[in-house]
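Numbering (the numbering used here), first residue to last: 815 to 1124.
To keep things clear, I will list the structure first and then write my remarks on it.
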Amino acid sequence: MSEEKIQVFAPASIANVSCGFDVFGFAIEELGDFVDARFNNQGKIIIESIEGAEGLPLEPELNVTTIAAQALLDEVGEKRGITFNIRKTVIPGSGLGSSASGAVAGAFAANELVGKPFSKLELVRFAGVGEQVASNQLHHDNVAPSMLGGFSVVRSNEPLDVLSIDYPEDIRVVVAHPQIEVKTKQAKRMLGRTMSISNAVIQFGNVAGLVLGMTSKNYDLIGRSMVDMLAEPVRSRLIPLYDEAKQISLEAGAIGTNIAGSGPAIFSFCKGDKSAKAVLEAFKKVYAKSNLSVNYFTSKINPEGAKRIF
Ligand code: HSE
815 MSEEKIQVFA PASIANVSCG FDVFGFAIEE LGDFVDARFN NQGKIIIESI
865 EGAEGLPLEP ELNVTTIAAQ ALLDEVGEKR GITFNIRKTV IPGSGLGSSA
915 SGAVAGAFAA NELVGKPFSK LELVRFAGVG EQVASNQLHH DNVAPSMLGG
965 FSVVRSNEPL DVLSIDYPED IRVVVAHPQI EVKTKQAKRM LGRTMSISNA
1015 VIQFGNVAGL VLGMTSKNYD LIGRSMVDML AEPVRSRLIP LYDEAKQISL
1065 EAGAIGTNIA GSGPAIFSFC KGDKSAKAVL EAFKKVYAKS NLSVNYFTSK
1115 INPEGAKRIF
């Protein structure tokens, strides 16, 4: 058991990846949650500070980081509390897995402090407990890649069955993030409760195609399979200039473009750095015509996931 202060990092992530609603997700680099954690002698979890995001609850029973940590402490029967200091570099409501990186950091930090009884794969379950509070629904498509790194497939939420699949090494991610907030709860409510069989058949084909495209590193197949009949037709209406940005990114060489998680960020997959730069410029050109403030970045898929910094 460790009494020292530790710091962990959990990366941002992009879920759904077009056709894989609530199933696919991958981790991105640099953005994420940095969480300092240490045991306290007060017998309860405390959040001392949250930086980098406004309006997040300091009450441990309402915050995704501490809910995930508490779930782990309860399971191992640990009676000591933990004091947390949280620094977020992913804005909540961006589509970049902000609540998931918070939940992953909480579960990962608690596990480190109690002596690492759980593997990273096992920790996904505790992070899911936190994420569920943020979105009102149990889904692991952001927490799995944030914890494990790479590209995840959530084959089943209950019982939890998470798979990691291979992807092309030179795949790059380009993100345009218009600075409006879309809450996952709200974006989930927008979707109907049923899907037609004809659309489901198209979706199944693309899900299979995307997995095969990723694992066989076949960019043409990845691009052809990035078709979503479920969320994109409805949610893209919330994203300013979505259709135009998608079209121009594809013309600029993107392999595929879709909504990052529940939005409003948009992402493209590109082959290599040069193509990613061209797509980034194409996004900038579209949004230069608007009054919107937009953040842009490019990233590799982060292979590592959650990690301890010290
Ligand atoms: N799969 C989730 C959704 C991701 O699209 O609602 C957002 O957390």
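Quick reminder that beta carbons are idealized off the backbone N, C-alpha and C, glycines included.
Is any heavy atom of the ligand HSE found at a distance shorter than 7 Å from the C-beta of K1002? The closest heavy atom of the ligand HSE lies less than 7 Å from the beta carbon of K1002.
Rounding to the nearest angstrom, what Cα-Cα distance links K884 and P959 in this structure? According to the sequence displayed, residue 884 carries Gln and not Lys. Per the coordinates, the alpha-carbon of Q884 lies some 21 Å from the alpha-carbon of P959.
What span of residues does the alpha helix (DSSP H) with V822 cover, start to end? Note, V822: premise wrong, no alpha helix (DSSP H); beta strand (DSSP E) at I820 to A829.
Any heavy atom of the ligand HSE closer than 7 Å to the CB of G916? No, the ligand HSE has no heavy atom inside 7 Å of this Cβ.
Go through its chain and collect everything with a Cβ distance to G1070's Cβ below 6 Å, but skip five positions before and after it. Excluding positions up to five away in sequence, the list reads G1037, M1040 and F1083.
Tell me whether M815 sits in a helix, a strand or coil according to DSSP, three-state version. Unreliable positioning characterises M815 in this predicted model, as indicated by a pLDDT of 46, which lies under 50. The coordinate reading is nonetheless provided below. Assignment of M815 by DSSP, reduced to helix, strand and coil, places it in the coil class.
Can you tell me the Cβ-Cβ gap for A919 and A824, rounded? I've got them flagged as a contact below 8 Å. Indeed they touch by this definition, with Cβ atoms about 4 Å apart.
By a C-beta neighbour count over all protein chains shown, 10 Å radius and 16 as the cutoff for buried, is A1014 buried or exposed? Exposed is the call here.
What do you reckon, is the C-beta of S949 under 7 Å from a heavy atom of the ligand HSE? Correct: S949 has its Cβ closer than 7 Å to the ligand HSE.
Alpha carbon to alpha carbon, how far is N925 from S816? Give it in angstroms, no decimals. With a pLDDT of 47 at S816, under the threshold of 50, the predicted position of this residue should be treated as unreliable, though the coordinate-derived value follows. Going by the C-alpha atoms only, they are around 11 Å apart.
Between which residues of its own chain and D975 is the CB-CB distance below 6 Å, once the five residues before and five after are set aside? Result list for D975: R969, in chain order.
Between the region 930-939 and the region 848-868, can you find at least three pairs of beta-carbon atoms closer than 8 Å? Taking a contact to require three or more Cβ pairs closer than 8 Å, the region 848-868 and the region 930-939 do not qualify as touching.
Coarse secondary structure for P959, derived from DSSP in three states: The answer is helix: DSSP assigns P959 an H, G or I state.
In this structure, does DSSP put L977 in helix, strand or coil? Of the three classes helix, strand and coil, the one that applies to L977 here is strand, per DSSP.
Buried/exposed call for L845, threshold 16 Cβ in 10 Å: By the Cβ-count criterion, L845 is buried, with 16 or more other Cβ atoms from all chains shown falling within 10 Å of its own Cβ.
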